Structure formats: structure tokens, C-alpha cells
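A short write-up of the structure that comes next.
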Amino acid sequence: ETGVTQSPTHLIKTRGQQVTLRCSSQSGHNTVSWYQQALGQGPQFIFQYYREEENGRGNFPPRFSGLQFPNYSSELNVNALELDDSALYLCASSWGGTGAGGRNEQFFGPGTRLTVL
Amino acid sequence: AQSVTQPDIHITVSEGASLELRCNYSYGATPYLFWYVQSPGQGLQLLLKYFSGDTLVQGIKGFEAEFKRSQSSFNLRKPSVHWSDAAEYFCAVVSTDSWGKLQFGAGTQVVVTP
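Residue numbers (my numbering), protein chains in the order written: chain A, 3 to 119; chain B, 3 to 116.
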């Protein structure tokens with residue numbers, strides 16, 4: 003069984019650019035959640051995708067967007083990068099979506115470290 | 003507002019000594035409660051979780067946590083730490099009426115000395 007994978011591992015961008023981060027969910031999982039972890043802080047929820055639809059969103063501006071594909075892999079896109087977007091971006095997969103009510107364990111990938119200069 | 007608080011930013015403990023990490027939450031109802039560990043360069047690994055029932059829960063790697071409703075706390079403990087327990091530990095909650103949005107505390111960095 004393959005765990006959650008993320009690519010790339012590290013990324014350096016400049017302000018104003020756009021970035022796409024990728025996540026492959028664990029086999030059998032249909033839900034993907036994205037989190038932003040700034041240095042020295044806990045992860046902050048960005049949004050969740052369930053069966054290719056956005057299932058909930060945290061306090062992030064619209065320039066943070068996502069996709070989920072039929073194989074349940076996912077992308078996180080960030081437009082007009084700002085310095086404060088520098089962080090570790092974590093993807094987590096789980097099974098269930100809305101019906102699970104939050105009980106199903108979320109399995110995290112190793113993250114993508116984004117640096118914005 | 004809903005919140006998760008980990009009062010200790012940093013804890014240093016000797017190998018073989020006991021460890022307790024504190025977590026307090028502020029929610030309208032008892033949420034689902036979790037403890038995660040993050041080692042350098044790694045993602046988050048679930049140590050244990052509490053949904054309901056027995057207030058003392060056992061997890062992996064010899065960790066346990068106790069839920070105390072009266073104190074809105076969910077403290078993590080380990081009787082005897084190993085050098086490999088050096089990591090960052092996060093308490094997290096999910097509202098029972100939500101769809102799995104984890105809200106994390108700021109984390110506690112654990113350093114283990116010989």
C-alpha cells in the first residue's frame with residue numbers, strides 16, 4: 003500500500019508568480035485536505051476535496067485554489083505569490099468526506115516546502 | 003471562538019524520564035481529539051485519538067492521553083522517553099459536526115537529553 007506522496011519536495015518562487023503543488027492520496031482514499039504550516043506554527047486548514055468537489059474551506063483567499071482528479075489525487079494552486087506564502091504545505095488523505103464526520107484518520111504526506119523570495 | 007492551546011512551546015526531558023504535554027481546547031461541544039507527532043522533514047503521524055468512551059486512550063510508541071471534560075484538556079503522556087521521541091507534537095481537534103477540518107495547536111517541541 004502506497005502512502006501519501008507530494009511533489010515537489012522543495013520549491014523556490016518569487017513574489018507574484020504562480021505555483022502548483024501535487025498530492026497523490028493513499029490507495030482507497032477519496033478525500034484530500036490541504037494544510038499550510040508556517041515556520042514555528044501548527045498546520046492551518048486550507049480546504050478539503052471530496053469526490054472532486056470542494057468540501058470545505060478555511061480562511062484563505064481565493065488565490066488559493068485546488069482540484070481533485072478522478073483518481074483522487076489533488077493539486078493546490080496559489081496565484082500571485084506573497085512572501086507570507088512561504089511555508090510547508092501538507093496534504094492529507096482520508097476516506098469518507100462529509101459522512102465521516104471527522105472521525106476517519108487523515109494520513110499526511112511529507113509536505114512541499116515553498117519559499118517565496 | 004474555537005481554539006486549541008498548547009501552553010508549552012518547548013520542553014526538555016532526560017532520556018528515561020516521564021513526559022507530559024498539555025493541550026486545552028475551547029469548543030461548544032466535546033470535539034474529536036487527536037495527537038500528532040512531526041519529526042524533522044516528515045509529515046504528521048497520528049499517535050492517538052479520542053472520540054468518546056474511556057477517557058484514557060492508548061496510542062502508538064507507548065503514548066497515552068487522558069481526556070478531562072471538566073478541564074477541557076487532552077494531555078499526552080509517556081512514562082519513559084527515548085531519544086527517538088525528540089520531535090514536535092501537535093494537539094488537534096475536529097468539531098463533531100464538521101467534515102474533517104483539523105484545527106491544530108501551535109505545537110510543543112520536545113528535546114531529549116542523554
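Backbone N, C-alpha and C fix where the C-beta goes; we use that ideal spot for every residue, glycine too. If you're wondering where the values come from, they're calculated on a predicted model, not measured in any experiment.
If you check the beta carbons only, do residue i and residue j fall under 9 angstroms apart?
i: A:E84; j: A:G68; result: no
i: A:E107; j: B:K51; result: yes
i: B:V95; j: B:Y34; result: yes
i: B:G102; j: A:S96; result: yes
i: B:F92; j: B:K80; result: no
i: B:V113; j: B:I13; result: yes
i: A:G58; j: A:F66; result: no
i: A:L116; j: A:Y37; result: no
i: B:G61; j: B:W37; result: yes
i: B:S97; j: B:Q8; result: no
i: B:E2; j: B:P116; result: Beyond the ends of chain B as shown, which are 3 and 116, falls residue 2 of chain B; an answer cannot be given.
Can you round the beta-carbon distance between residue i and residue j to whole angstroms, since I take them to be within the 8 angstroms contact cut?
i: A:Q8; j: A:G98; result: Going by Cβ atoms, the distance from A:Q8 to A:G98 rounds to 21 angstroms, so no, they are not a contact pair.
i: B:V39; j: B:F106; result: Actually they do not touch by this definition, with Cβ atoms about 12 angstroms apart.
i: A:Q28; j: A:E54; result: Their Cβ separation, rounded to whole angstroms, is 17 angstroms, which puts A:Q28 and A:E54 out of contact at 8 angstroms.
i: B:S28; j: B:S74; result: 7 angstroms
Pick from the options: whose alpha carbon is nearest that of residue i?
i: B:G109; options: B:R24, B:S16 and B:A3; result: B:R24
i: A:G5; options: B:Q44, B:V114, B:S74 and B:Q73; result: B:Q44
i: B:K70; options: B:L48, B:W85, B:N26 and B:L104; result: B:N26
i: A:P45; options: A:I14, A:L90, A:G30 and A:Q19; result: A:L90
i: B:L104; options: B:L46, B:S72, B:P9 and B:E22; result: B:L46
i: B:S41; options: B:P9, B:D87 and B:N77; result: B:D87
i: A:N81; options: A:P10, A:T16, A:H12 and A:T11; result: A:T16
i: A:I14; options: A:R105, A:S88 and A:A94; result: A:S88
Return the CA-CA distance between residue i and residue j, expressed in angstroms with no decimal places.
i: A:V118; j: A:L78; result: 16 angstroms
i: A:R24; j: A:V34; result: 11 angstroms
i: B:A67; j: B:T57; result: 8 angstroms
i: B:A19; j: A:Q43; result: 27 angstroms
i: B:A89; j: B:G55; result: 29 angstroms
i: B:V15; j: B:L48; result: 22 angstroms
i: A:F47; j: A:T114; result: 15 angstroms
i: A:V21; j: A:P63; result: 15 angstroms
i: B:S72; j: A:G60; result: 29 angstroms
i: A:Y51; j: A:N73; result: 12 angstroms
i: A:A94; j: A:Q39; result: 13 angstroms
i: A:G18; j: A:H12; result: 18 angstroms
i: A:S75; j: A:F109; result: 14 angstroms
i: A:H31; j: B:F53; result: 21 angstroms
i: B:L78; j: B:Q111; result: 13 angstroms
Point to revise | Start-end ranges of the beta strand (DSSP E) lying completely within the stretch 33-71 of chain B, minimum 3 residues | key: 34-40, 46-52, 58-60 and 66-70
Practice item. Could you pull out every unbroken alpha helix (DSSP H) segment of at least 4 residues lying fully inside the stretch 14-84 of chain A, listed in chain order? Key: none
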